[in-house]
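Here's the structure we're looking at; comments come further down.
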Amino acid sequence: MRHVILELADTPDNPVPEGATVHDVTTRDGVHLRAASWPPREGLEARGVVTILQGRSEFIEKYFETIAELSLRGFHVVAFDWRGQGGSQRQFRQRGPDGVQKGHVRDFADYQRDLDAVLAQVVAPLPGPRFALGHSTGGAVALMRAASPGHAEDFARIVAVSPLIALSPAIVPPFAGPVARLAAAVGLARLQLPGGRRSSTTLRPFDGNRLTSDEARFTRARGVVEHAPWLAVGEPTFGWLAAAFRMVAQLGAPGFALRVATPALIVAAGSDRIVSTPAIERFGARLKAGNALVLPYARHEILIENDDIRAMFWGAFDAFIPGRGLLEAD
């Protein structure tokens, strides 16, 4: 099985932000993860640590622009690849004919193990309050963690971008949940979803994509995968989908949102066709210490959207993450 790749892909359109340190992180169940950290921009006072929790099939390089912007705000930044994607250890020994592996995870609890390891081995030595910036799957994992006993103080605040509270009906029919659970139960968890492609979603055409309206940023991400094809992940398996539905059921349970003790800002996309924006709004309305903000016209990947949408996001982020005040309170 392929282990962690301790390098960052550098391309002319997507250079590695200055000051990167790459880490080999080992989880308690023996999985190797690729992580990276950056200091605040030179000359700036440290305001805390932002840990980026990426979405399914993503990779650290996709967040270079965001990492540079956080560094300019005075934050230490930590980013990592979940098991089974990016440069972290994959879940399969064999690849498909195009060299791309299926997107698979046994259970989303495995992602909590990944986060445990990153927090202990990379984030813990860094100074100041800790913040989470999670996208899609990562946003849901952060919210799940904040509702778990003993983890309310892992982060001072959470910003969840288009979190996976529920999948959009545009991509998942009503029968998908029972079918995925049945397939996983009878030993087909590692089988790719019917009609799914091994090729990375990042390599597909811009026209008709559900991720962003910004062609330049979409093309930049595509260029990274063309340069470093080992980053690519294909469509999910029945096992991944069954695990996602188990997590979605927990998030949607009555009273679950009330157990999220960490202050949370949820930023949803008004034109999202990957996750359900109405479900996100309902979840945000139930939070004790947080709310949901919907950005009109934005597609699923707000952090690689056009400049106007990203400006709205950063305005909300800057108003919600008071790194300096929390650091002084310590």
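In this text, residue positions in the sequence shown follow numbering that gives the first Met the number 0: the first is 0, and each later residue adds one. Heads up, the beta-carbon is just placed ideally off N, CA and C, and yes, glycines get one too. Every value quoted in this text rests on a predicted model; they were computed, and no experiment measured them.
Item: Buried or exposed (CB count within 10 angstroms, at least 16 for buried), Gln-93; Value: Here Gln-93 scores only 48 on pLDDT, less than 50, and its place in the model should not be relied on; the value that follows carries that caveat. When all chains shown are included, Gln-93 counts as exposed.
Item: Stretch-stretch touch, CB-based, cutoff 8 Å, three pairs: the segment 240–259 with the segment 104–115; Value: yes
Item: Buried or exposed (CB count within 10 angstroms, at least 16 for buried), Ser-275; Value: buried
Item: Arg-335 and Thr-26 closer than 8 Å at C-beta; Value: Residue coverage of the chain in this structure runs from 0 to 329, which leaves residue 335 outside it and unanswerable.
Item: Environment of Pro-177 [buried if 16+ CB atoms lie within 10 Å]; Value: exposed
Item: Residues near Ile-164 in its chain [Cβ-Cβ closer than 6 Å; skip 5 each side]; Value: Leu-250, Ala-278, Ile-279 and Phe-282
Item: Option in Lys-287, Ala-220, Pro-126 and Glu-304 with minimal Cα separation from Asp-213; Value: Glu-304
Item: Proximity test, Cβ basis, 8 Å: Ala-139 and chain B; Value: In summary, chain B is missing from the structure at hand, where a single protein chain is found.
Item: Neighbourhood of Arg-258 by C-beta distance below 6 Å, restricted to the same chain and skipping five residues each side; Value: Ala-146
Item: The segment 177–189 contacting the segment 286–294, beta-carbon criterion three pairs below 8 Å; Value: no
Item: Beta-carbon proximity list for Ala-175, same chain, < 6 Å, skipping 5 on both sides; Value: none
Item: Beta-carbon proximity of His-2 to Ser-36, cut-off 8 Å; Value: no
Item: Outcome for Thr-20 when other beta-carbon atoms lying within 10 angstroms are tallied against a minimum of 16; Value: exposed
Item: Where the beta strand (DSSP E) through Leu-264 begins and ends; Value: 263–268
Item: Limits of the beta strand (DSSP E) - the one that Glu-234 falls within; Value: 232–235
Item: For Trp-37, three-class secondary structure by DSSP; Value: strand
Item: Beta-carbon separation (whole angstroms), Ala-318 vs Ile-308, contact threshold 8 Å; Value: About 16 Å separates the two Cβ atoms, so there is no contact after all.
Item: 8 Å Cβ cutoff met for Ala-291 and Ala-267; Value: yes
Item: His-150 (DSSP reduced to helix, strand or coil); Value: coil
Item: From His-103, Gly-54, Phe-255 and Phe-79, residue whose alpha carbon lies closest to that of Leu-192; Value: His-103
Item: Rounded C-alpha distance that separates Pro-96 from Arg-144; Value: Any answer about Pro-96 is weak, because its pLDDT of 42 lies below 50 and its placement is not dependable; what the coordinates show is given next. About 37 Å.
Item: Distance between Ile-273 and Ala-169 (C-alpha atoms, nearest Å); Value: 7 Å
Item: Presumed contact (8 Å Cβ cut-off) between Gly-138 and Val-171, rounded CB distance; Value: Actually they are not in contact, since the Cβ atoms of Gly-138 and Val-171 sit about 18 Å apart, beyond 8 Å.
Item: Reduced DSSP category for Gly-207 - H, G, I as helix; E, B as strand; rest coil; Value: coil
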